[in-house]
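Residue numbers (the working numbering): 369 to 1227.
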């Protein structure tokens, strides 16, 4: 007897399992079981500074110093924390652990590995050490599939996780997106803020799919604005049935004119002529593959939002009348085909299709796959009584979804579309050709017409034949304008790169518009105006700064998908994803730095993103003045207040919160109070209600009068794990040197001798001046180095030999004077000469400055 704890991905799935097994608790073939469930992902990766050694925390919390990027993925321990809003789910699972021998991960079987990651992260977080079974069920999660999967679970131990290809694939994708998305978002945010664009105090959101879409929309609209209509004129033939004969145009052909009068002159060279039939061929077209959620988005883009379609379909799936939404498949298994076939006539009756059209009961190869994934979107065996019943429960959107999904499925049971293709030319001008397709048997097109998926609906050719003759005429055309970035345009471009499942595409587009419950706090990057997508101010910033990055291109996702499939086949290669992430960030960082100055020059950014400079505020009546005030949402110490904190502050109460500063957590207290400021514009005093902050007592620093300058300074009271005594503090403030035993970062003791010095720290793009203890520099070894007083009056040193050449006293004098000089060096192939110029601020890989030389070869 084995006691089983079945872990489902969500409540609706757990309820299905309970139906199939006989309850949330019971026995399955003699083994006691209990069912628990999550609510999607219960855990999220910690902030990067929480996943590294404490010595690195400050670096990984720093947004401003772009030299920190890219991060070293090996510094991160990839730890996770419970999402606060989902704590009750993890608590329930934890309370049910005792008394069980096995956890069965019964989450969705996503091809991306998402379901595996979701389940295993819970197992790891709860520190489960016993056996784990992974079951994989396909299709519509029906009882047969679930029971079958419980008979053949994948049995593994916790220590064997890294051998599971699909799980490692899922983790690798998650880590790639975490590294590239978070790092590039921080880089873009800092670069934008440096140029005055605060994005309402929130970070710019960069990511593989969303940045590609935002940049695609922006690029397409820019092309549309730059489009200049250029008419052209040429001769074409037309018969009495409206069939047109034209030539195949190549750039430079002399028979196409920009001036109508020239075409009219050319018309005299042509006369009514006979039509010659070249061929008459019967052709057949098979039904299209089954639709996915993105296809439904194309069909209903004018009726419903992406969020409406996604949410409605999910509800219908939860009630088991349609199949799994987030599938990558557009075909089904032979078992699924055979299982659903007996219900085809019933489905046809619901959606008003004549069952006589469903005569092709043998499966075509294009519709059948061997894998045991979810299969394409389709109706299930749970057939509703009518479309009215569907509409009553799910609204008109649900009715339309069911009708189209059902018709897409039924179309594959219909016969091929049959038509006659006729090709013809003009007798005395054979380069004028025409092709018409004359419908013969519509068959599946009477059920589902794939033209609904096209941006421009294509009407069937109504012509039945060519006439005997055709006449010439002057035809006016124009250069093709760029396509409007509609939902169909976006989805077709995503299809081109195979980016995301249908559901993922729709959810991402919803997020970019900030529509839907889970996107309430998102600043939209896109908006829709009369069916056409446009960038918002935030979208304009991102499109400008991310133009030309790898993440703005579909190519990186294609590359990532190939790598992830390679990792799935061989999990030991999982570190490959780190290398790709690092190269992506390095490239994109350089591109964004180059793009950043364009933010101030780009007219669209100026127009759309100007409002993003504004500070986000809240308003209410302040009880102490009984007046309406509108203080900032974000306090100047960086804390963003909640609605509860804002209400408390308006009532005159203090609010207390934690904030991280220099890698340490501090408790701050803030409250609203009347304060007087001097206007920078007018010089007048202004009284307004704003935030006041009470900082914690600073126990890490010492304040005192620095006697040599007779001014008050503050400095850290510790150096190298040595805390200064009162006597040492007195000496330091007097400007004197002190000596003491200190400990370095490696734990080794050393004797430190030094004094207080005013120093400079570079924090991002800012330079911060501060006072602190500095150890005296080690004495220069004059046997190795030359010590000079440079022309700026400062003392420097450099090695006596350079490129094997020992500096002469005359050359050293010129170096000290900062003069260029030609020096001869001996190399392997003989003597060569170089121009040497002293550089007292030579940079070493961005780590430090030293006295060096700029050089170039001379003949």
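We put the beta carbon where it would ideally sit given N, CA and C, even for glycine.
Let me check one thing: in DSSP terms, what residues is residue i bridge-paired to?
{"i": "residue 1140", "result": "1125"}
{"i": "residue 444", "result": "Answer is none; residue 444 lacks a bridge partner."}
{"i": "residue 1221", "result": "1206"}
{"i": "residue 742", "result": "According to DSSP, residue 742 bridges with nothing at all."}
{"i": "residue 449", "result": "412"}
{"i": "residue 1108", "result": "1120"}
{"i": "residue 1059", "result": "1040"}
{"i": "residue 1033", "result": "1028"}
By a C-beta neighbour count over all protein chains shown, 10 Å radius and 16 as the cutoff for buried, is residue i buried or exposed?
{"i": "residue 673", "result": "buried"}
{"i": "residue 747", "result": "buried"}
{"i": "residue 1017", "result": "buried"}
{"i": "residue 856", "result": "buried"}
{"i": "residue 1077", "result": "exposed"}
{"i": "residue 684", "result": "buried"}
{"i": "residue 1049", "result": "Confidence is the limiting factor: at residue 1049 the pLDDT is only 47, short of 50, which leaves the residue's position unreliable, though a coordinate-based value still follows. Counting Cβ neighbours within 10 Å, residue 1049 comes out exposed, since fewer than 16 surround it."}
{"i": "residue 666", "result": "buried"}
{"i": "residue 744", "result": "buried"}
{"i": "residue 724", "result": "exposed"}
{"i": "residue 639", "result": "exposed"}
{"i": "residue 1129", "result": "exposed"}
{"i": "residue 519", "result": "exposed"}
{"i": "residue 970", "result": "buried"}
{"i": "residue 477", "result": "buried"}
{"i": "residue 527", "result": "exposed"}
{"i": "residue 780", "result": "buried"}
Candidates the options: which alpha carbon is nearest residue i's?
{"i": "residue 913", "options": "945, 906, 960 and 870", "result": "960"}
{"i": "residue 647", "options": "834, 526 and 915", "result": "834"}
{"i": "residue 403", "options": "852, 722, 463 and 736", "result": "463"}
{"i": "residue 712", "options": "727, 701, 699 and 698", "result": "727"}
{"i": "residue 1061", "options": "1005, 536, 393 and 1102", "result": "1005"}
{"i": "residue 952", "options": "923, 967 and 938", "result": "923"}
{"i": "residue 1122", "options": "1115, 1097 and 1129", "result": "1097"}
{"i": "residue 996", "options": "554, 988 and 1002", "result": "988"}
{"i": "residue 763", "options": "1162, 671, 822 and 1193", "result": "671"}
{"i": "residue 540", "options": "1037, 1151, 946 and 974", "result": "946"}
{"i": "residue 636", "options": "603, 697 and 805", "result": "603"}
{"i": "residue 1186", "options": "704, 1090 and 1206", "result": "1206"}
{"i": "residue 1118", "options": "1143, 489, 1156 and 1079", "result": "1143"}
If contacts are defined as beta-carbon pairs under 8 Å, then residue i and residue j qualify, I think. What distance do you get, rounded to the angstrom?
{"i": "residue 1219", "j": "residue 1166", "result": "5 Å"}
{"i": "residue 405", "j": "residue 382", "result": "4 Å"}
{"i": "residue 787", "j": "residue 651", "result": "6 Å"}
{"i": "residue 370", "j": "residue 414", "result": "Wrong, their Cβ atoms sit about 34 Å apart, outside the cutoff."}
{"i": "residue 502", "j": "residue 473", "result": "5 Å"}
{"i": "residue 532", "j": "residue 484", "result": "7 Å"}
{"i": "residue 1038", "j": "residue 1023", "result": "6 Å"}
{"i": "residue 907", "j": "residue 893", "result": "4 Å"}
{"i": "residue 773", "j": "residue 790", "result": "That belief does not hold up - the Cβ atoms of residue 773 and residue 790 are roughly 36 Å apart, past 8 Å."}
From the DSSP output, in three-state form, read off residue i for me.
{"i": "residue 604", "result": "strand"}
{"i": "residue 735", "result": "helix"}
{"i": "residue 488", "result": "helix"}
{"i": "residue 701", "result": "coil"}
{"i": "residue 572", "result": "coil"}
{"i": "residue 839", "result": "strand"}
{"i": "residue 816", "result": "coil"}
{"i": "residue 513", "result": "helix"}
{"i": "residue 747", "result": "strand"}
{"i": "residue 946", "result": "helix"}
{"i": "residue 955", "result": "helix"}
{"i": "residue 833", "result": "coil"}
{"i": "residue 998", "result": "coil"}
{"i": "residue 426", "result": "helix"}
{"i": "residue 388", "result": "helix"}
{"i": "residue 597", "result": "coil"}
{"i": "residue 552", "result": "helix"}
{"i": "residue 1049", "result": "Its pLDDT being 47, under 50, residue 1049 is placed unreliably by the model, and the measurement read from it follows with that caveat. Residue 1049 falls in the coil class under three-state DSSP."}
{"i": "residue 420", "result": "coil"}
{"i": "residue 891", "result": "coil"}
Looking at the ligand FMN, does it come within less than 6 Å of residue i, judged from the CB to the closest heavy atom?
{"i": "residue 609", "result": "As far as ligands go, the structure on display features none, and thus does not contain the ligand FMN."}
Kindly say whether residue i, judged by its beta-carbon, lies nearer than 7 Å to any beta-carbon of chain D.
{"i": "residue 688", "result": "Protein chain content of the structure displayed is limited to a single chain, and chain D is not contained in it."}
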